[in-house]
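A.B. asks:
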Amino acid sequence: MLLKLVNINGLQHLFACTEGQDDETLTILFLHPREKLSYSETLMKHDYQQRLKTLNARVKFPEELVRLVLVNEDPLHVEQHFQHPLNILKLKYAMANTEVSLKWEWHLRPMDAAQFYSQMFLNTMSTASGLRDQIPLLLDIIQAKDKELNQYRTEGCQLRRG
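If you want this note's numbering, it's the 1-based position in the sequence shown plus 7.
If you want it as structure tokens, here you go:
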């Protein structure tokens with residue numbers, strides 16, 4: 008989960024977009040820290056596909072690329088509109104290899120702050136646990152490369168960077 012800060016009307020907001028298992032869902036968690044209000048929306052794959060087609064009717068963006076952009080990239084432009092009970096968040100993202108911006112909307116519903124922080128915390132702990140598991144694997148790879156380089160040098164070969 009990548010946390011992002013956006014400035015809306017001079018106020019900082021925090022949000023994160025995550026993918027569910029097997030790309031079946033797409034979820035946003037949105038926090039207005041000054042007012043201590045939190046919002047969320049979860050889209051099923053079909054709803055996500057429909058929203059993508061509706062908002063970008065003239066351009067066909069690849070779904071997988073759009074998901075990656077929504078999860079990992081910072082938006083170019085953000086607008087917020089309140090339509091009780093929804094909080095509409097309108098975003099524009101830069102897309103690779105095209106001059107056309109991706110348009111996206113989140114239809115946010117109020118969320119309990121405790122649930123918001125719980126989801127953020129659980130995701131952060133899951134990431135930390137995964138990183139802890141990756142460190143020994145990466146160390147083994149580096150040590151194997153060090154041995155390979157030492158053997159290469161003992162054979163009298165020279166190393167050059169290209």
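Even glycine gets a Cβ: it sits at the ideal position worked out from N, Cα and C.
For the stretch 100–147, list the alpha helix (DSSP H) runs that are entirely contained and at least 4 residues long, ordered along the chain.
C.D. replies: none
A.B. asks: Let me know if H91 comes out buried or exposed under the rule of 16 or more other beta-carbons within 10 Å of its beta-carbon.
C.D. replies: Here the question's residue 91 lines up with position 84 in the sequence shown. Counting the other Cβ atoms within 10 Å of the Cβ of H91 gives fewer than 16, which makes it exposed.
A.B. asks: With distance defined between alpha-carbon atoms, name the residue in W111, R116 and S133 nearest to K60.
C.D. replies: Locating residue 60 in the sequence shown gives position 53, where the first residue counts as 1. The shortest Cα separation from K60 among W111, R116 and S133 belongs to W111.
A.B. asks: Which word fits H20, buried or exposed, when buried means at least 16 other C-beta atoms lie within 10 angstroms of its C-beta?
C.D. replies: Translated into the one-based positions of the sequence shown, residue 20 becomes position 13. H20 should be labelled buried.
A.B. asks: Does DSSP put K154 in a helix, in a strand, or in coil?
C.D. replies: As a first step, residue 154 must be located in the sequence shown, where it is residue number 147. Here K154 sits in helix by DSSP.
A.B. asks: Quick one: what does DSSP say N79 is sitting in, helix, strand or coil?
C.D. replies: In the sequence shown, the residue the question calls residue 79 occupies position 72. Reduced to three states, the DSSP call for N79 is helix.
A.B. asks: Starting from Q57, trace the alpha helix (DSSP H) both ways and give me its first and last residue.
C.D. replies: Working through the sequence shown from its first residue, we reach residue 57 at position 50. Per DSSP, Q57 belongs to the alpha helix (DSSP H) from K52 to L62.
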